[in-house]
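Residue numbers (the numbering used here), protein chains in the order written: chain U, 1 to 332; chain A, 1001 to 1332.
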């Protein structure tokens, strides 16, 4: 069996030398020293703030036992990139800590390939890590840079601001329902939905473009209603959202299960879309940005003064009950 | 049961506001934004490099089931601080990701108290985290600052340099043997040895003082011989170490088991002392530093040109076999 040091060297250390970033630049992305010492050493650019986030993925909780390791490597990094996107930060560096039941080389090869492919695409340097034996657990800490003063906070939404959502909501939750056998997707609908769940696309470019435009932002990891609620709490404002305006995959109308749809669209996690607020005066600019980026950006409601309460209205103007957001410790 | 968000708020978010650091300064330690958003935002000081390290602790692997959560909180941060110490970096910020079998409030209160007490002592701001349900797993990412160009690397040892060790080696491994029932420590010896294992003291101040003096450094997490070997590999040099010079607790001579002693002193992990190299010309300076700090600093051998080989010599000048370093995946 490979030793811990051999494992790190074989599957991850190469990234410090061969990933796209290091290959392209003389001084690789502000990395003074990568994997292989007690710490990595970084040189953040002057005038930039460093954005940091960490996420832990646990087998049986965030992914099923036997999940495709390539997609898992992708997702472990993607959920962290999504946090940077929600701050408007540019991805730069990541650390990866892994607990594995055994030193399974085939698994590690696929996992690192999925992780590093996404890292290369977003020019993230893998600068450090840890491997140990234990129940499968993946912990990524991501670091990015954002010009001082331009980060997008959860606090900042103002009464009168419009609320926007990128892409579509509910697809990942629908795929999860399919995998749990609670609904059966037609063959033609599966690839797109399953990809939403297992290979989410972090909205990094959108986050960066929203600097100076959005007044607040968050990514949809736990569900639209719950995540928007964080913006409302931090901003001390309320919100009115039109349920019919929430963007969702067409497959929901083919299924025709209103309750399932509501659960997925309002409370389904794992979509990793951005929810953001912006003044009405920026509407045209945001619409143009969506067109330029080829990414649908939907106006779904507006921010109100008063209590940090989210009101979701149906087509008849009656309130739609928003199911609770997914919560790791509140689940049965 | 508390929700994930309530858990974070109750036990950890206060640290962003009440830990020693934030209480003492207007701009708390370069933290523009702490826990509570998608990312934390940091302002590294100009002219400084950011040192980053991550460690994952798994129940049954790095600590026993039922371990005292206060000490566990201490140790989870201490092992990361030790990595900063080995780079000569000043601790600044940390993230903490936790997987817990259940939201055990008593456990969380003790764990966070142990973690935050050490964080306060070293002026580390807890800037972010993640909590989830799963087999107990603790992942800390630590960030520190070091003036550009002054970090201590593993590479850098030069033939002729002397090899130094702080404090004592083997105490933590001896405590582990005691806990495993393979040796029985006398009552008077237990507290000091058990404290070495469960509440290690990271040599942060020493690391910072060695900037510009040491030519290389590493912390003893896996065992003296194995960790020194990393310096030798990275520096492309060999080393000769006198076994008798390696500092060890007096309890070993009372036990009188030469094999146990050799295993603990040469290959015992978890001591979190610093091993470093420095030119002979700095010897007096280092001795004065040890006196000033009240920390024993022992000269144990010297660096040689040639293969990255470690030769440990006994009192009769014959080689002493160095047991293999602890390795998470090579263990039975």
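We put the beta carbon where it would ideally sit given N, CA and C, even for glycine.
All figures in this text were calculated on a predicted structure; none of them were measured in a lab.
Contacts around residue i, its chain only, beta-carbon distance under 7 Å, and the 5 residues preceding and following it disregarded
i                       : result
residue 1317 of chain A : none
residue 1175 of chain A : 1193, 1194, 1196, 1197
residue 242 of chain U  : 300, 301, 313
residue 1306 of chain A : 1238
residue 322 of chain U  : 225, 266, 267, 310, 312
residue 258 of chain U  : none
Cβ-based neighbour list, residue i, same chain, cut-off 8 Å, excluding 5 preceding and 5 following
i                       : result
residue 1178 of chain A : 1184, 1185, 1190, 1193, 1194
residue 64 of chain U   : 179
residue 1296 of chain A : 1166, 1167, 1168, 1247, 1290
residue 1207 of chain A : 1084, 1085, 1086, 1087, 1088, 1089, 1152, 1217, 1274
residue 1101 of chain A : 1133, 1134, 1135, 1136
residue 1199 of chain A : 1071, 1074, 1075, 1078
Alpha-carbon spacing of residue i relative to residue j, whole angstroms
i                       : j                       : result
residue 99 of chain U   : residue 53 of chain U   : 19 Å
residue 1118 of chain A : residue 1049 of chain A : 23 Å
residue 143 of chain U  : residue 40 of chain U   : 12 Å
residue 1047 of chain A : residue 188 of chain U  : 56 Å
residue 1070 of chain A : residue 261 of chain U  : 45 Å
residue 1164 of chain A : residue 97 of chain U   : 30 Å
residue 278 of chain U  : residue 133 of chain U  : 46 Å
residue 86 of chain U   : residue 1215 of chain A : 42 Å
residue 298 of chain U  : residue 292 of chain U  : 14 Å
residue 1025 of chain A : residue 315 of chain U  : Caution is warranted here: a pLDDT of 38 is assigned to residue 1025 of chain A, below 50, making its placement in the model unreliable, and no coordinate value can be reported.
residue 1263 of chain A : residue 1320 of chain A : 11 Å
residue 135 of chain U  : residue 1135 of chain A : 7 Å
residue 110 of chain U  : residue 103 of chain U  : 13 Å
residue 1011 of chain A : residue 1268 of chain A : 34 Å
residue 67 of chain U   : residue 1280 of chain A : 55 Å
residue 1201 of chain A : residue 107 of chain U  : 37 Å
residue 33 of chain U   : residue 43 of chain U   : 10 Å
residue 1266 of chain A : residue 1062 of chain A : 19 Å
residue 1222 of chain A : residue 116 of chain U  : 28 Å
residue 121 of chain U  : residue 72 of chain U   : 16 Å
residue 1147 of chain A : residue 1138 of chain A : 30 Å
residue 1285 of chain A : residue 1112 of chain A : 39 Å
residue 1244 of chain A : residue 1233 of chain A : 24 Å
residue 1162 of chain A : residue 276 of chain U  : 58 Å
residue 227 of chain U  : residue 1036 of chain A : 12 Å
residue 287 of chain U  : residue 1220 of chain A : 56 Å
residue 1338 of chain A : residue 45 of chain U   : A query on residue 1338 of chain A cannot be resolved here, the shown segment of chain A reaching from 1001 to 1332 and no further.
Contact set between residue i and chain U, taken where Cβ atoms lie within less than 8 Å
i                       : result
residue 1044 of chain A : 44, 50
residue 1083 of chain A : 38, 39
residue 1154 of chain A : 36, 37, 38
Nearest-angstrom Cβ-Cβ length linking residue i and residue j, presumed shorter than 8 Å
i                       : j                       : result
residue 1051 of chain A : residue 1084 of chain A : 6 Å
residue 1114 of chain A : residue 1074 of chain A : 4 Å
residue 1152 of chain A : residue 1209 of chain A : Incorrect: roughly 11 Å between the Cβ atoms, too far for contact.
residue 1154 of chain A : residue 1218 of chain A : 6 Å
residue 92 of chain U   : residue 150 of chain U  : About 16 Å separates the two Cβ atoms, so there is no contact after all.
residue 1171 of chain A : residue 1247 of chain A : About 10 Å; that fails the 8 Å criterion.
residue 81 of chain U   : residue 204 of chain U  : 6 Å
residue 1173 of chain A : residue 1270 of chain A : 7 Å
Under 9 Å by beta carbon: chain A residues contacting residue i
i                      : result
residue 86 of chain U  : 1037, 1038, 1039
residue 151 of chain U : 1032, 1033, 1037, 1039, 1041
Under 8 Å by beta carbon: chain A residues contacting residue i
i                      : result
residue 66 of chain U  : What residue 66 of chain U touches in chain A: nothing, since even the nearest Cβ is about 16 Å away.
residue 135 of chain U : 1058, 1134, 1135, 1137
residue 89 of chain U  : 1039
Cβ-based neighbour list, residue i, same chain, cut-off 6 Å, excluding 5 preceding and 5 following
i                       : result
residue 1079 of chain A : 1055
residue 27 of chain U   : Caution applies to residue 27 of chain U, whose pLDDT of 43 falls short of 50 and renders its modelled position unreliable; the value that the coordinates give is listed next. Answer for residue 27 of chain U: no residue qualifies.
residue 1141 of chain A : 1054, 1095
residue 21 of chain U   : For residue 21 of chain U, the predicted model reports a pLDDT of 38, less than 50, meaning its position is unreliable; a value from the coordinates is still stated below. Here the set comprises 28, 29, 123, 125.
residue 282 of chain U  : 213
residue 1130 of chain A : 1097
residue 1231 of chain A : 1154, 1157, 1216, 1218
Within chain U, the residues that residue i reaches when beta carbons sit closer than 9 Å
i                       : result
residue 1127 of chain A : 52
residue 1203 of chain A : Result: empty, since nearest Cβ-Cβ is about 12 Å, beyond 9 Å.
residue 1061 of chain A : 99, 132, 133, 134
Amino acids of chain A, ordered along the chain, whose beta-carbon sits closer than 7 Å to that of residue i
i                      : result
residue 56 of chain U  : 1097, 1099, 1130, 1132, 1139
residue 219 of chain U : 1038
>> Does the contact criterion of 3 or more C-beta pairs under 8 Å hold for the region 1056–1070 of chain A versus the region 233–243 of chain U?
In response: no
> When the Cβ atoms of the region 251–258 of chain U are set against those of the region 302–320 of chain U, are three or more pairs found closer than 8 Å?
Replying inline: no
>> Does the structure place the region 1154–1165 of chain A close enough to the region 1254–1261 of chain A that three or more beta carbon pairs sit under 8 Å?
In response: no
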